[in-house]
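Data first, discussion second: the structure below is written as structure tokens.
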Amino acid sequence: MQRVLIICAACAATAFPAHAEEDGGKSLMERGAELFLEGLRQEMEPAIEDLRGLADQFGPALQSFMQEMGPALAELAAQVQDWSAYEVPEMLPNGDIIIRKKTSREQPDESAPRDDAPSDGVTDI
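Numbered by this note's numbering, the letters in the sequence shown go through residues 8 to 132 in order.
The following block contains the structure:
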């Protein structure tokens, strides 16, 4: 989380000098902020390089996973119309994954009469 915030600050630092050049003369606060963000960028450069290395390492594996599993996941998403009707997936000791439907107690049945509905069959509009 801390790395994400620092990366965001570094991105803001690269955009800030371009804006400051348009204004012409810089105030003391602008110069101070620019120096602060430049120092922050220099401090974060090794972490950013590590992040790039991590992306280079895992990028091909993720791309391969999406090529293989993408169509199956798209088919599953097309079949399931309401994700809130299902429990959280559960992995069994043998490796099987079960996704159970929620019981009727947790999900109200649309066809069942409600308790607050009038008993004579007349509904209010």
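All C-beta atoms, glycine included, are put in the ideal place defined by N, C-alpha and C.
In this text, all values refer to a predicted model and were calculated from it rather than measured experimentally.
- A straight-line Cα-Cα distance of about 27 Å links PHE72 and ALA92.
- By the C-beta density criterion, LEU80 is exposed, having fewer than 16 other C-beta atoms within 10 angstroms.
- Here GLU52 carries a helix assignment [DSSP, helix/strand/coil].
- DSSP, reduced to helix, strand and coil, places GLU37 within a helical segment of the structure shown.
- In the structure shown, GLU45 adopts helical secondary structure according to DSSP, grouped into three states.
- Taking all protein chains in view, the Cβ of LEU35 is surrounded by fewer than 16 other Cβ atoms within 10 Å, so the residue is classified as exposed.
- Ranking GLN88, ILE105, ALA68 by CA distance to the CA of VAL95 puts ILE105 first.
- If the five residues before and after ALA68 are omitted, its C-beta is found closer than 7 Å to no C-beta atom of its own chain.
- Residue pairing by DSSP places MET73 in no beta bridge whatsoever.
- Distance between GLN70 and MET76, taken at the CA atoms: about 10 Å.
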